Each structure stands twice: as C-alpha cells, then as structure tokens.
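One structure below.
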Amino acid sequence: MFLENYWYCAALPHEVDARPQRRVICNEPVVFYRDTKGKLVALEDRCSHRQAPLSIGEIRGDNIQCNYHGFVFDRDGACVHIPHQDTIPSRAHIRAYPVTEKWGFIWIWRGEAAKADAAKIPHLPWTNDAGRSPVYVYFYVKANHQLIADNLLDISHADYLHSDTLGSKSGIMGGPQPDKVEFRTWQEGDEVHSFRKLTNVEVASYPKKWGNFTRNVNRTNIQMWEAPNTVHVHLEFENDENKILINHDHIMTPETDTTTHYFMDFTRNFGLDGNQYPTDDDIYDEQHSVISGDDLPMVEAQQENINLCRGVVDVPVKADKLISAVHRHLADMYLVQDIPVPSYVLVQR
Ligand code: FES
Ligand SMILES: [Fe+2]
Numbered sequence: 032m033f034l035e036n037y038w039y040c041a042a043l044p045h046e047v048d049a050r051p052q053r054r055v056i057c058n059e060p061v062v063f064y065r066d067t068k069g070k071l072v073a074l075e076d077r078c079s080h081r082q083a084p085l086s087i088g089e090i091r092g093d094n095i096q097c098n099y100h101g102f103v104f105d106r107d108g109a110c111v112h113i114p115h116q117d118t119i120p121s122r123a124h125i126r127a128y129p130v131t132e133k134w135g136f137i138w139i140w141r142g143e144a145a146k147a148d149a150a151k152i153p154h155l156p157w158t159n160d161a162g163r164s165p166v167y168v169y170f171y172v173k174a175n176h177q178l179i180a181d182n183l184l185d186i187s188h189a190d191y192l193h194s195d196t197l198g199s200k201s202g203i204m205g206g207p208q209p210d211k212v213e214f215r216t217w218q219e220g221d222e223v224h225s226f227r228k229l230t231n232v233e234v235a236s237y238p239k240k241w242g243n244f245t246r247n248v249n250r251t252n253i254q255m256w257e258a259p260n261t262v263h264v265h266l267e268f269e270n271d272e273n274k275i276l277i278n279h280d281h282i283m284t285p286e287t288d289t290t291t292h293y294f295m296d297f298t299r300n301f302g303l304d305g306n307q308y309p310t311d312d313d314i315y316d317e318q319h320s321v322i323s324g325d326d327l328p329m330v331e332a333q334q335e336n337i338n339l340c341r342g343v344v345d346v347p348v349k350a351d352k353l354i355s356a357v358h359r360h361l362a363d364m365y366l367v368q369d370i371p372v373p374s375y376v377l378v379q380r
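So the sequence shown is numbered by the working numbering: it starts at 32 and just counts up by one.
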C-alpha cells in the first residue's frame, strides 16, 4: 500500500513516444503513450475484457486497441469500440491517470483525479535556470524505495562509500577529520529539512576536478525530503579558490514493494560551455558510475538481507537524525491515510 493523492515520477520525457510503453507504478500496471498532438496519455495497462496488457496493443489515432480481441479505449479510458457489437457496457471502461510533464520529468497522479493539482509537483526551478545545466538519469533498482531514500538522507555515507570520488576520507577510521561538523534537522509542514556542514575537509576526486580545487574545502549539504519520496540535495563546495553549487534531486517511485524506479537530476553551475570538462556526458557517466557502482549494489544487498532476516531492527546513530525524522513523519502520514505503516519505515520516537 502506498501513499495516495501525490504525483509520482513515472518516466523521463524521451522514454514516452507514440508507441505504447508499460511501466508498473506502485504495484499497478500503467501504459503510457503520446497522442497525435504529442499529449501524454496514461491508462491502466489492463484490457477490461480478459486482462491482456494494452501495451502490447496498437495505437489508433489518439486511442489504443487491445491486441487480443480488438477492444478500443480512448485517452480517458472509455471503451469506444467492441468488435461485432454496438453496445458497450460501462464496466468495460478502464482507469485513466492524470499525467503531466514538468521540470524534465513525467509525473502521474495516484489518488482522486479531482485533487490532481500541478502545483503539488515537487518544485525544481533550478532545472530551468539559464545559469545551470541539468543532467537526467534513470535507474531501475531491485530494492525498496525507502532504502534508496535512506541512503540519500544519510549523507555521511559519502565519506565512506564514496571516499575516493565524492566525499572525503573523514569517514575512514584514522582518516583526516574536518575542523568542525555541524548537523541539524527541522520540519516545515510536510517537509523535513537538514543542514550539514563540514569545515576544512579533504575534497575527493570528482569535486576536486569540478572546481579545480587544490586545497581543503568547506562542504555544505542542505537537504529537504518531501512526500511521497523525493530527496532534494543542495550541495556547495567552497574555499578561497572557488565555490561550486549543485542541486541534485532524487525521486523514488515504487514499482513494487521491493523494486523502484529511481529518477534523478544533477543540476550544476559549472562546466557549462559544452566543450571542456565536465560536459553533460561527463557528469552523466560519473553519476552513473557512482550510483550504479556504489549505492545501488549496497541497497540491493540490504534488500536481500532484509528479505532473509525478517524482524531485524536498525541501530540508529547521530548521523541518522534525518532518516529518523523522515520515518517519524512518514509513519504519521500512513496513519492519516489509514494505511498500515510499512515495516521499512522504522519508527524511533
Ligand atoms: S482481452 Fe482485450 S479485447 Fe479481449
Ligand atoms: Fe551515495
């Protein structure tokens, strides 16, 4: 069971064209396509006649035809043609989802259609900023969506898991320590925020190259989590040589309870001329290699252990303050929607 009345990120715009494309979102099969005007359509991917997936059917103008016995559905899910008969039972209609494109992502609304309001889509204005360049990445992950969010909410892992690429060596026992570590979390309505700053810390290879840093930096992470499961990260690396800014937004959409569609934009204010390092392709390759190489194998391995070792509980530490705050808030949100709190939302009150 997943939170309702939210926009869930469903695809990157280039993934959906005039051909039907199936994607399971929150345990529901959905077929996406673009109509003759290029407008997005999202329907239940299940023909009402005998449950065949419509995604293996054909697009007919703005409609979609099932490939089994030929029922046709329009973009609102109404069944508009049944071969060899004139009457169409209303039970033959299928569900249509509100769907829209914003900030370089395609979003689908799960819940009451009348409440779908584009203003409720997570706010990512930096992706449109003339002085920035966004790079978009999609990952398919064999792990629960909250494990991926928890990985991002606990940014201290960067100093250990990514000590050679993104973080510093300060997570390693005996490694060089920053002069100061500040970390605080707070809540604003349904958003959970955190601020973490490491002063005078070693800089790992990627940010070193991005900012041409030769000396230690101050590294600031300002994060915000919002429902159903988006983690916004504003990251700054700064010393007297340079200051660089990155917004990276991580949007986790459950496919099932143990698999996730993970979308990300990485929006930077450096390397924008398109010719010199880092180009968009460099950033794409680096992010792909760090996330696919470090984070995803870790969360998938956690998921395997969780599947085997039912009932185990985590041991939270100081660095987990943001995870705990988000889990507490999520537990309340599930209760408000009358959904049993899932076991992966561990609540430490
Ligand atoms: S299952 Fe689709 S028309 Fe029969
Ligand atoms: Fe990571």
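For every residue, glycine included, the Cβ atom is placed at its ideal position computed from N, Cα and C. It should be emphasised that the depicted structure is a prediction, and the values quoted were computed from it without experimental measurement.
Boundaries (first-last residue) of the alpha helix (DSSP H) holding residue i
i	result
Q177	176 to 184
L366	352 to 367
M329	327 to 339
S236	236 to 242
Residue i CB to nearest heavy atom of ligand 2 below 8 Å
i	result
I322	yes
D280	no
D181	no
A332	no
G356	Sequence inspection shows Ala at residue 356; the Gly mentioned does not correspond to that position. It does not: the Cβ of A356 is nowhere closer than 8 Å to a heavy atom of ligand 2.
L155	no
A350	no
H176	no
H188	yes
L266	no
beta-carbon residue i near ligand 1 non-hydrogen atom, thresh 8 Å
i	result
Q254	no
Q116	no
Q82	yes
F170	no
Delimiting residues of the beta strand (DSSP E) encompassing residue i
i	result
R141	136 to 141
Y39	37 to 42
Y315	Note, Y315: premise wrong, no beta strand (DSSP E); alpha helix (DSSP H) at 311 to 321.
N249	248 to 257
Q307	Unbroken run through Q307: none, as it is neither H nor E.
R54	52 to 56
E286	No beta strand (DSSP E) holds E286; DSSP gives it neither H nor E.
F268	261 to 269
S21	The structure shown has nothing for residue 21, since the chain only spans 32 to 380.
K200	Segment: none, K200 is in no beta strand (DSSP E) and carries neither H nor E.
F214	211 to 219
For residue i: DSSP bridge partner residues
i	result
R163	None; R163 has no bridge partner.
D392	Residue 392 lies beyond the range of the chain shown here (32 to 380); nothing can be said about it.
P301	Sequence check: residue 301 is Phe here, not Pro. In the DSSP output, where bridge partners are listed per residue, F301 has none listed.
Worksheet item: Along the chain, which unbroken stretches of the beta strand (DSSP E) at least 3 residues long are found entirely within the segment 63 to 130?
Response: 71 to 75, 89 to 91, 94 to 96, 110 to 112
Fill in: contact_flag[the segment 277 to 294, the segment 194 to 202] where n(CB pairs < 8 Å) is 3 or more
no
Worksheet item: Counting pairs of Cβ atoms below 8 Å between the segment 283 to 301 and the segment 52 to 61, do you hit three or more?
Response: yes
Worksheet item: Would you say the segment 323 to 338 touches the segment 170 to 178, given that touching needs at least three Cβ pairs under 8 Å?
Response: yes
Worksheet item: Is the number of C-beta pairs between the segment 249 to 256 and the segment 220 to 232 that are closer than 8 Å three or more?
Response: yes
Worksheet entry | the segment 237 to 244 in contact with the segment 206 to 221 per 3-pair CB rule at 8 Å | no
Practice prompt. Mind the definition here: the segment 35 to 44 touches the segment 142 to 161 only if three or more C-beta pairs lie below 8 Å; say whether that holds.
Written response: yes
Worksheet item: On the three-pair Cβ rule with 8 Å, is the segment 289 to 296 touching the segment 158 to 168?
Response: yes
Practice prompt. Would you be able to state if there are at least three C-beta pairs under 8 Å between the segment 177 to 187 and the segment 306 to 318?
Written response: no
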